[in-house]
Amino acid sequence: MDRANLVTEVKGQIDTWLSAKESRSVTALARAAGVSESCVRRLCNDDRSPLPDNMLKILMAVSQKSSIEDLKTHFVSSNGIQKFLLSNYSFLEKATYIDSCTPLLEKEKSIDEYLPFVVYLMSANRTKIHKNEISRLLGLMGEMALDSLVSNEFLKIESDGIITALVTDVRPSKELIRKHLPDLTKMFFKLDHDFNGFALMSESVSKTGYGLAMDIYEKFLADMGEVIQNNPGEVPLIVSGFMDTLTIEPYFRKEQN
Numbered sequence: 006m007d008r009a010n011l012v013t014e015v016k017g018q019i020d021t022w023l024s025a026k027e028s029r030s031v032t033a034l035a036r037a038a039g040v041s042e043s044c045v046r047r048l049c050n051d052d053r054s055p056l057p058d059n060m061l062k063i064l065m066a067v068s069q070k071s072s073i074e075d076l077k078t079h080f081v082s083s084n085g086i087q088k089f090l091l092s093n094y095s096f097l098e099k100a101t102y103i104d105s106c107t108p109l110l111e112k113e114k115s116i117d118e119y120l121p122f123v124v125y126l127m128s129a130n131r132t133k134i135h136k137n138e139i140s141r142l143l144g145l146m147g148e149m150a151l152d153s154l155v156s157n158e159f160l161k162i163e164s165d166g167i168i169t170a171l172v173t174d175v176r177p178s179k180e181l182i183r184k185h186l187p188d189l190t191k192m193f194f195k196l197d198h199d200f201n202g203f204a205l206m207s208e209s210v211s212k213t214g215y216g217l218a219m220d221i222y223e224k225f226l227a228d229m230g231e232v233i234q235n236n237p238g239e240v241p242l243i244v245s246g247f248m249d250t251l252t253i254e255p256y257f258r259k260e261q262n
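Residue numbers (our numbering): 6 to 262.
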């Protein structure tokens, strides 16, 4: 993805938004998008692209669109923005972004517990799963979780036993993913795969170094999103990763030493 082209296009959209009304300002845009004012100013003044989720919020604010499908239509002539949406949010093609829509947070309560969360992830995949596979993998508790999701009209069991997702607009929040990630790792991480790297490193770096590491992490997420989008198939895949500091302070972009 051409980051310079993306930044240029988004800055143009921001300029258009600001000029539409005299009362509009960078502060007002940051408030509307739910991001920090410095995030918008770094983008406008220093050509520094924010994290994907913050970029998405800015695009939603200037376009007043709340779904990936609507954003792609609205920015149809903006090649950089189109590539950004494809690389980072193709899995939300018909979904409303959960952080901006309260009703979806209500839906998330149905997958708050671990087994319903896993059953939903398996069943909402592009490759359909049979109810017997849920029983084989997760036992009686998995069957109970499946029954609960069917009762809550999240899933439907077809006559041939294949499970169909009725709710397709839930992107689990970061809080929910953090809650379930340890159990997902324990259940599905195969220790006998030598190539399946797993590392925990603690080293001190400058803020510039942290920003460079974050750039690599962002590229990994973008590349992985593109691979998943362009190679549908029968293997259910879960990808996880995080990078943060052993401090209270968050550092999200490059800074000078």
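All residues carry an ideal CB built from backbone N, CA and C; glycine is no exception.
Buried or exposed by the 16-neighbour rule on C-beta atoms within 10 Å, applied to residue i
i, result
"G17", "exposed"
"F247", "exposed"
"S115", "buried"
"K26", "exposed"
"P55", "buried"
"L76", "buried"
"K3", "In the structure as shown, the chain begins at 6 and stops at 262. Residue 3 is therefore absent and cannot be evaluated."
"V15", "buried"
Option nearest residue i by Cα separation, candidates the options
i, options, result
"A35", "S24, L181, M60 and G230", "M60"
"L217", "L145, R53 and A25", "R53"
"F193", "T132, I243 and A25", "I243"
"S82", "M146, S164, N10 and S43", "N10"
"T173", "S128, S68 and Q69", "S128"
"P121", "K133, L154 and T132", "L154"
"G238", "R141, Q87, I86 and N130", "N130"
"T252", "V40, L181, S207 and S41", "S207"
"A37", "K70, N50 and V232", "K70"
"I167", "K195, L186 and K133", "K133"
"F89", "S211, V240 and L226", "L226"
"V210", "K184, D249 and L186", "D249"
"S68", "K161, W22 and S245", "W22"
Boundaries (first-last residue) of the alpha helix (DSSP H) holding residue i
i, result
"K161", "First-last for K161: L160 to I162, but that is the beta strand (DSSP E), not the alpha helix (DSSP H)."
"F80", "Unbroken run through F80: none, as it is neither H nor E."
"N157", "First-last for N157: undefined, no H or E at that position."
"R8", "R8 to A25"
"A227", "K212 to N235"
"N50", "E42 to D51"
"T190", "K179 to F193"
"F247", "First-last for F247: undefined, no H or E at that position."
"P55", "Careful: P55 lies outside any alpha helix (DSSP H) and carries neither H nor E."
Identity of the residues DSSP links to residue i by a beta bridge
i, result
"I167", "H135"
"S30", "Looking at the DSSP assignment, S30 forms no beta bridge with any residue, so it has no partner."
Nearest-angstrom Cα separation, counted from residue j out to residue i
i, j, result
"L64", "D20", "12 Å"
"G230", "D152", "31 Å"
"T13", "M146", "51 Å"
"H79", "R141", "45 Å"
"S43", "F159", "40 Å"
"G214", "V45", "22 Å"
"S72", "K62", "11 Å"
"G85", "Y119", "37 Å"
"A170", "V123", "13 Å"
"D117", "L181", "7 Å"
"G39", "I221", "25 Å"
"S41", "D51", "15 Å"
"S28", "Y125", "45 Å"
"T101", "K179", "Because the pLDDT at T101 is just 41, under 50, the model does not fix this residue reliably, and the value given afterwards should be weighed accordingly. Straight-line Cα distance between these residues: approximately 15 Å."
"S24", "A33", "13 Å"
"N235", "R47", "32 Å"
"L143", "T190", "15 Å"
"E138", "P177", "23 Å"
"F96", "I233", "Caution is warranted here: a pLDDT of 49 is assigned to F96, below 50, making its placement in the model unreliable, and the coordinate value is therefore given only provisionally. Straight-line Cα distance between these residues: approximately 9 Å."
"E223", "L91", "14 Å"
"S30", "K184", "37 Å"
"A66", "D228", "26 Å"
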